[in-house]
Amino acid sequence: MPAHALRCRNCGRTYTLAPQYVCEECLGPLETERPRPAVDAEALRARIGAGPASLWRYEDLLPVAHDPVADLGAGLTPLVHASTLGGNLGLRRLFLKNDGCNPTWSFKDRVVTLGVAAARQFGFQVLACASTGNLANSVAAHAARAGIQACVFVPEGLEAGKQVLSAVYGATIVEVDGTYDDVNRLCAQVADEYPWGFVNVNLRPYYSEGAKTLGYEVAEQLGWRLPDHVVIPLASGNLLLKIERAFAELVELGIVPPARVRVHGAQPSGCAPIVAAYREGSESVRPVRPQTIAHSLAIGNPADGRYALEAIRRSGGVAVEVTDAEAVAAVREVAAREGVFTETAGGVAVAALRRLAAGGIFGPDDVIVVYLTGIGLKTQESVAGTLREPVKIRATLGAFEAEVLPGLAQVRPRAGQAVGGA
Ligand SMILES: Cc1ncc(COP(=O)(O)O)c(C=O)c1O
Ligand SMILES: [Zn+2]
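In terms of our numbering, the sequence shown opens at residue 3 and continues consecutively.
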């Protein structure tokens, strides 16, 4: 592995590389420490540009070496200029990072790509995770690809699409009677007893770095410059923390000009412990019991909550909560205005964007990126019952003209023909 060591985020103590995630000294989280790439900024940009069309183009910046056996090609998803949605909000340079376009249709493929590569290097025969749904899907698929067993732990009550996906890839699914936080506690116990590779427990230092590629990639897609604002959905807080770090790293490496990126975090009001701490001016995050349709964000006791909160404050960002109804309306709006069907977590981010815009946070020419972290097909339940029903007709032109045409705007028959003509 190119990384030198593990280092404690709290006290700085270093450790040799191992499947270990907690500091023995202070119980702080361990992170990978990597040597600086041996080339200058221009050469590094050129190497990245010539790299594969996946997150492995950033291999020089990652703590694990490319492992083709376990790779499903995550990364390099579209950054879409949202002119209609943006125009509606008075924002000329609004972009959507559509990370639903990943192998298992969420950003979790980025973190799992690194987690599974590390698991194979450490020789684990079972790949496991504590998940709110998307992570389980990704672990199941990557384990299938790598030819190892998957055992995924989830809370009860997940969306049907997420349950089907983990099952179709052949994983053993353990549905725990409890919340994600109960699942997580159980997984820490299992990881202590059994030699399994839990991507977000004992392999977390490697896995978590994969989220940085969502920062690197946006900077590259903007022509090697940083956005002025980003809006990111929060569950454990890792995604936001690592995107903020990735932007800072690119500046340190001289790959992008120095700029301030205001990093905004979004949570559903039924599970908003980080937003509550932000509002109260507190440095610690008080756990809550989740109650939201945004199941992927339903983490009441976020592992990186304190650090995500620090990152939001450090950057001059805001933490925003939105109701489930606002999130569903946002899912529908992005689909209808931009042709992107995002999951409820993306709806939470777009609803937060709306609130921030209404609060006057953005300038009209600011470059704003909203992270849409998963696909809407997995959370269809959230929009069911809110959509237009199909117009059901007999298979005749007469029925079409009588029952469909009156409901359509501005439709004319071909030139020279009257409606109903031969
Ligand atoms: C679709 C989606 N978006 C965002 C998140 C939040 O990521 P994190 O737990 O790193 O804060 C998750 C976590 O499960 C997710 O599934
Ligand atoms: Zn420590």
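Glycine residues also receive a C-beta, built at the ideal position from the N, C-alpha and C atoms.
In this text the structure is predicted, and so the values were computed from the model without any measurement.
In whole angstroms, give me the CA-to-CA distance for residue i and residue j.
| i | j | result |
| --- | --- | --- |
| A45 | V342 | 35 Å |
| P275 | N303 | 8 Å |
| L81 | G88 | 14 Å |
| E158 | Y209 | 24 Å |
| P366 | G125 | 52 Å |
| V114 | G212 | 7 Å |
| T86 | R339 | 6 Å |
| I301 | Y309 | 15 Å |
| C307 | A237 | For clarity, residue 307 is Gly in the given sequence; the question names Cys instead. Computed Cα separation, rounded: 8 Å. |
| T325 | V232 | 20 Å |
| E246 | L311 | 11 Å |
| R281 | R316 | 15 Å |
| V371 | N100 | 10 Å |
| C10 | L243 | 16 Å |
| T294 | D184 | 17 Å |
| M3 | V258 | Note that M3 scores a pLDDT of 44, beneath 50, so its modelled location is shaky; the value from the coordinates is reported in the next line. Roughly 26 Å separates the two Cα atoms. |
| P54 | A76 | 11 Å |
| E26 | C13 | 10 Å |
| P207 | R95 | 34 Å |
For residue i versus residue j, is the C-beta distance shorter than 8 Å?
| i | j | result |
| --- | --- | --- |
| G319 | V265 | yes |
| G135 | Q382 | no |
| A296 | R288 | no |
| V24 | P31 | yes |
| S108 | L78 | no |
| F200 | C103 | no |
| A148 | A173 | no |
| P434 | L299 | Since the first residue shown for the chain is 3 and the last is 424, residue 434 is missing from the structure and cannot be characterised. |
| T106 | L167 | yes |
| A72 | R122 | yes |
| Q151 | V128 | yes |
| G378 | A337 | yes |
| G387 | E345 | no |
| V176 | V154 | yes |
| A43 | L255 | yes |
Could you give the first and the last residue of the continuous alpha helix (DSSP H) run that contains residue i?
| i | result |
| --- | --- |
| P275 | 275-282 |
| H144 | 136-148 |
| F402 | 399-405 |
| R9 | Looking at the DSSP string, R9 is not in any alpha helix (DSSP H); the run it does join, the beta strand (DSSP E), is 7-10. |
| Y218 | 215-223 |
| E251 | 240-254 |
| C189 | 182-195 |
| I301 | Looking at the DSSP string, I301 is not in any alpha helix (DSSP H), and its letter there is neither H nor E. |
| L91 | 85-91 |
| Y373 | First-last for Y373: 369-374, but that is the beta strand (DSSP E), not the alpha helix (DSSP H). |
| V170 | 162-170 |
Quick check on the DSSP output: the beta strand (DSSP E) that includes residue i runs from which residue to which?
| i | result |
| --- | --- |
| A268 | 264-270 |
| N100 | 95-100 |
| V350 | Here V350 belongs to no beta strand (DSSP E); instead the alpha helix (DSSP H) covers 346-360. |
| F155 | 151-157 |
| V322 | 321-324 |
| E35 | 32-35 |
| I175 | 174-178 |
Compare the C-beta of residue i against all C-beta atoms of chain B and say whether one is closer than 8 Å.
| i | result |
| --- | --- |
| R122 | Annotation note: the requested chain B is absent from the structure, which comprises a single protein chain. |
Since residue i and residue j should fall inside the 8 Å C-beta cutoff, what is the C-beta to C-beta distance between them, to a whole number of angstroms?
| i | j | result |
| --- | --- | --- |
| A268 | A354 | 3 Å |
| G349 | A321 | The Cβ separation is near 17 Å, so there is no contact. |
| L205 | P21 | 6 Å |
- Query: What residues sit near ligand 2, counting only those whose C-beta is closer than 6 Å to one of its heavy atoms, in chain order?
  - Reply: C10, N12, C13, R15, C25, E27, C28, G30
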